[in-house]
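In the numbering used here, the protein residues as written are -4 to 346.
These notes concern the structure reproduced below.
So this is what it looks like as structure tokens:
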């Protein structure tokens, strides 16, 4: 009798920065416990550049040979391999989650981002019973805890009378306890980042998985591109303050055109790039153009930008701003606006 396997689930990492959406910026690994669980249930994991496919041994009717119980968990870690990832990725949600974890929800292909809460349990012995007995916790406390976040066991009270978050000292009533009586306290702790882990991933097996593996569960983790305005600094012998000659930037693309407007760089000491360019080229004119709207970072942009002089193209194809040419808005704008800049030199006269 031949052994047959069917796809149980797939997990793919996607990013809309990339033309094909495939994000190869991470190393996806499974925990030893998950590896043991998959082995126990005759599963074969097959990693690829942006995810994993897990195959399961099945019976003749495509039902799992050794089915999982509801609540079984498959745990993975994401380790970042591309140091430039933050240049083109919107990481706003990650700033709101101290210990990020992606989890599945029933009937949803995209995993949801949340925070992973870790707990520690400390055990203490009563040395000298007192109405206000103090004990010092051992681990690093999570942020923003309240007294009710500390749960006592083997004491008449459920929570401490007082908690000093700075010194990590809890105060409890042990006056009715015997000497050497043991009790415990469980509390949320701050997770230490280990081995450059970017995020954890947890898939929970539930009744949304098919009973027959004629079809498979498909999951994905999706990252969004960072958005920024594009800013061009044009160094030229053309004085744009004159009405005789006018430099402009135009989008010659077929659709979703980007409109650029001229911005002043005359008296703005906070614009360090403009200040440096004016010092470097004191005998030339500096003109700046900025896009009216935010533009998503893309691996290959289809924008066809041109520098025009009096409506005639003088640079047919302008280079697009590099993703690491990042500057934030000045003049005290809150919140600061991301800008990708590029410096262009255009001379009508050869010196």
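C-beta atoms are modelled at their ideal positions from N, C-alpha and C, and glycine is treated no differently.
Check: Residue nearest to residue 69 in terms of C-alpha spacing, selected from 107, 53, 28; Outcome: 28
Check: Coarse secondary structure for residue 269, derived from DSSP in three states; Outcome: helix
Check: Euclidean distance between Cα positions of residue 264 and residue 273; Outcome: 11 Å
Check: Boundaries (first-last residue) of the beta strand (DSSP E) holding residue 90; Outcome: First-last for residue 90: 87 to 90, but that is the alpha helix (DSSP H), not the beta strand (DSSP E).
Check: For residue 118: DSSP bridge partner residues; Outcome: 179
Check: Residue 160 versus residue 166: straight-line alpha-carbon distance, rounded; Outcome: 12 Å
Check: Validate contact between the stretch 28 to 43 and the stretch 92 to 99 using beta carbons, cut 8 Å, 3 pairs; Outcome: no
Check: Cβ-based burial, residue 156 [other Cβ within 10 Å; buried from 16]; Outcome: exposed
Check: Three-state secondary structure assigned by DSSP to residue 50; Outcome: strand
Check: Option in 224, 76, 6 with minimal Cα separation from residue 331; Outcome: 224
Check: Inter-residue spacing [alpha-carbon to alpha-carbon] between residue 32 and residue 52; Outcome: 14 Å
Check: Beta carbon of residue 229 nearer than 8 Å to that of residue 270; Outcome: no
Check: Endpoints, alpha helix (DSSP H) assigned at residue 30; Outcome: 27 to 35
Check: Counted within 10 angstroms of its Cβ, other Cβ atoms place residue 131 as buried (16 or more) or exposed; Outcome: exposed
Check: Three-way DSSP call (helix, strand, coil) for residue 256 in this model; Outcome: strand
Check: Helix, strand or coil at residue 83 [DSSP, three-state]; Outcome: helix
Check: Distance between beta carbons of residue 211 and residue 2, contact taken as under 8 Å; Outcome: 4 Å
Check: Nearest-angstrom Cβ-Cβ length linking residue 289 and residue 222, presumed shorter than 8 Å; Outcome: 4 Å
Check: DSSP three-state assignment for residue 275, whether helix, strand or coil; Outcome: helix
Check: Residue 295 classed as buried or exposed, judged by whether at least 16 other C-beta atoms fall within 10 angstroms; Outcome: exposed
Check: For residue 324, the first and last residue of its enclosing beta strand (DSSP E); Outcome: Note, residue 324: premise wrong, no beta strand (DSSP E); not H, not E.
Check: For residue 142, three-class secondary structure by DSSP; Outcome: helix
Check: Contact under 8 Å by Cβ, residue 316 with residue 284; Outcome: no
Check: For residue 297 and residue 220, believed in contact at Cβ under 8 Å, the rounded distance; Outcome: Actually they are not in contact, since the Cβ atoms of residue 220 and residue 297 sit about 14 Å apart, beyond 8 Å.
Check: Same chain, Cβ closer than 7 Å to residue 204, neighbours up to 5 away in sequence not counted; Outcome: 212
Check: 6 Å CB neighbourhood of residue 10 in its chain, flanking five on each side removed; Outcome: 18, 218
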